[in-house]
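Colleague: Residue numbering for the sequence shown follows numbering that gives the first Met the number 0, beginning at 0 and increasing consecutively.
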Amino acid sequence: MSLFGVLGKVGPRVVVGADGRPEVRTQVQVRWAFDERINDGLYCAGSLRIAADVVQDPERAVGPPGKVGGGEGKGSG
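(1) With a cut-off of 8 Å on the beta carbons, I'd call G4 and V29 a contact; round off their distance for me.
(2) Alpha carbon to alpha carbon, how far is G16 from V67? Give it in angstroms, no decimals.
(3) Taking R48 as part of the beta strand (DSSP E), name the residues at either end of that continuous run.
(4) Along the beta strand (DSSP E) that carries G4, what are the first and last residues, could you check?
(5) Does DSSP put R30 in a helix, a strand or coil?
(6) Pull the bridge partners of P21 from the DSSP assignment, please.
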């Protein structure tokens, strides 16, 4: 794939709230790079939409988290 995302520093940032007033929220900066020599921009746009859906509402996009642990699998015995 020719789309790469890089996560930056998590920290407080001033944003415009739903009521139009400034508020401070904890956010992470994300930068994207896309190589059009490998793929078409149409596929890039679709991939970015999917990535935004997963980040904004991961449970709706990919389902609830699975059970962690439980004593099954490698290293449990």
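Every residue gets a Cβ at the ideal spot worked out from N, C-alpha and C, and that includes glycine.
Modeller: Quick answer:
(1) Contact flag correct, Cβ pair sits at about 6 Å.
(2) A direct Cα-to-Cα measurement between V67 and G16 gives close to 35 Å.
(3) No beta strand (DSSP E) holds R48; the alpha helix (DSSP H) holding it covers 40-55.
(4) Residues 2-15.
(5) In the structure shown, R30 sits in a strand (DSSP, three-state: E or B).
(6) Looking at the DSSP assignment, P21 forms a beta bridge with V15.
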